[in-house]
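Student: In my numbering, the protein residues as written are 193 to 474.
1) Got a sec, what are the start and stop residues for the beta strand (DSSP E) residue 404 sits in?
2) Using C-beta distances below 6 Å, list every residue in its chain close to residue 434, excluding the 5 sequence neighbours before and after it, in chain order.
3) Please confirm if the region 404-422 is in contact with the region 383-390, defined as three or more CB-CB distances below 8 Å between the two stretches.
4) Is it right to say residue 459 is buried, meaning 16 or more other beta carbons lie within 10 angstroms of its own, or is it exposed?
5) Expressed to the nearest angstrom, what Euclidean distance is found between the alpha-carbon atoms of residue 419 and residue 310?
6) To the nearest angstrom, how far is it from the Cα of residue 176 to the Cα of residue 261?
7) Under a three-way DSSP split, which group does residue 340 fall into?
8) On the three-state DSSP scale, how would you describe residue 318?
9) Identify whether residue 311 lies in helix, strand or coil by the three-state DSSP scheme.
10) So that I know if they touch, is there some Cβ in chain C lying closer than 8 Å to that of residue 444?
11) Under DSSP, the beta strand (DSSP E) around residue 259 begins and ends at which residues?
12) Assuming residue 210 is part of the alpha helix (DSSP H), what are its boundary residues?
13) Taking one C-beta from the region 241-249 and one from the region 445-458 each time, how about it: are there three or more such pairs within less than 8 Å?
14) Can you find the residues in the same chain that come closer than 8 Å, C-beta to C-beta, to residue 214, ignoring five residues on each side of it along the sequence?
15) Using a Cβ distance threshold of 8 Å, determine whether the region 363-378 contacts the region 269-281, with at least three qualifying pairs required.
16) Could you tell me the alpha carbon to alpha carbon distance between residue 399 and residue 427, rounded to whole angstroms?
17) Consult DSSP for residue 329 and reduce its assignment to one of helix, strand or coil.
18) Which residues bound the alpha helix (DSSP H) around residue 294?
19) Can you tell me where the beta strand (DSSP E) with residue 384 in it begins and where it stops?
20) Going by Cα to Cα distance, which pick from 455, 273, 439, 360 is closest to residue 370?
21) Helix, strand or coil for residue 434? Go by DSSP, reduced to three states.
22) Based on the DSSP output, what are the partners of residue 228 in its beta bridges?
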């Protein structure tokens, strides 16, 4: 099995703060593709399966770039939500800007020492990160292939009553069930969607996406219903997308944080993902 090396980087994020990430590569050859990995809402690059996704891609000969969006709320230790104000002001537009910042650094060779610009680029996204990845893939000609897991078909996931109260109070509280942290979410997210709603619509972007796209979704997803996957697949251009519903797959395919081992659902999704990127990027 190929040895995977990991190098850390720090850039300036969309909010002016640190944008922290890692690049994983396996030994041998420089003419290789890369995949940018996008986590979801309340997620982070070291959560559960993300390091394993990155390592599996690297062992397949694909440079894997994972990072924490600047609005993730996760601080320099990579684990705790020590930056709640950054989380509170996070927007989808900010996520897209962060993704482009990472891509540019990768392409100009300044992301980390010893990693050449990629031969081809793919994007991977989970949950909210999947929605971001869809929009980015539709916007950026550099993207040659896309894989999403449990992607959202829209970003406004709150009912009208909650949104109205949010507007009145200026924020809502978001609880991280795993850690017990209570994080603020200000109206920046609402303002961003109100100002750029048409562009920030994953379902619209699905119709504009012209690259091979694998849509993976668990049929037992308790957070983002598999009907979101059906909506996205239905909106996609004919012949560009493939839908893979994972039987008994939950939102995280049975994986927990900290990592306690793999699951059949994760392995199925992982095999499909590595196969997809290998087919269309290599």
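Every residue, glycine too, gets a C-beta built ideally from N, C-alpha and C.
Tutor: In short:
1) For the purposes of this step, residue 404 is identified with residue 212 of the chain shown, where counting begins at 1. Element bounds for residue 404: n/a, residue is neither H nor E.
2) Taking the chain shown and counting its residues from 1, the one referred to as residue 434 is at position 242. Only 406 meet the Cβ criterion.
3) no
4) For the purposes of this step, residue 459 is taken as the residue at position 267 of the chain shown. By the 10 Å Cβ count, residue 459 comes out exposed.
5) Here residue 419 is taken as the residue at index 227 of the chain shown, counted from 1. Here residue 310 is taken as the residue at index 118 of the chain shown, counted from 1. Their backbone Cα atoms lie some 34 Å apart in a straight line.
6) Given that the chain is displayed from residue 193 to residue 474, the structure contains no residue 176 and the question cannot be resolved.
7) Here residue 340 corresponds to residue number 148 of the chain shown, with the count starting at 1. Strand at residue 340.
8) In the chain shown, the residue the question calls residue 318 occupies position 126. Three-state DSSP puts residue 318 in a strand.
9) By 1-based counting over the chain shown, the position of residue 311 is 119. DSSP places residue 311 in coil when its eight states are reduced to three.
10) In the displayed structure, chain C is absent; only one protein chain is listed.
11) Stepping through the chain shown from its first residue, residue 259 is reached at position 67. First-last of the beta strand (DSSP E) with residue 259: 255-259.
12) Stepping through the chain shown from its first residue, residue 210 is reached at position 18. Residue 210 -> not in any alpha helix (DSSP H); beta strand (DSSP E) instead, spanning 210-218.
13) Taking a cut-off of 8 Å for Cβ pairs, the region 241-249 and the region 445-458 touch, as three or more such pairs fall below it.
14) Reading the chain shown from its first residue, position 22 is the one you call residue 214. The residues are 198, 199, 200, 201, 237, 246, 257, 258, 259.
15) Flag = yes, the region 363-378 and the region 269-281 touch.
16) Counted from its first residue, the chain shown places residue 399 at position 207. Counted from its first residue, the chain shown places residue 427 at position 235. Computed Cα separation, rounded: 5 Å.
17) The residue you call residue 329 lines up with position 137 of the chain shown. Residue state, collapsed to three classes: helix.
18) The sequence position of residue 294 within the chain shown is 102, counting from 1. Residues 284-299.
19) Position 192 of the chain shown, counted from the start, is the residue given in the question as residue 384. Counting along the chain, residue 384 falls outside any beta strand (DSSP E), though it belongs to the alpha helix (DSSP H) covering 380-388.
20) Indexing the chain shown from 1 puts residue 370 at position 178. Selected option, being the one with the closest Cα: 273.
21) Against the chain shown, residue 434 aligns to sequence position 242. Looking at residue 434 - three-state DSSP - the assignment turns out to be strand.
22) If you number the chain shown from 1, residue 228 lands on position 36. According to DSSP, residue 228 bridges with 257, 315.
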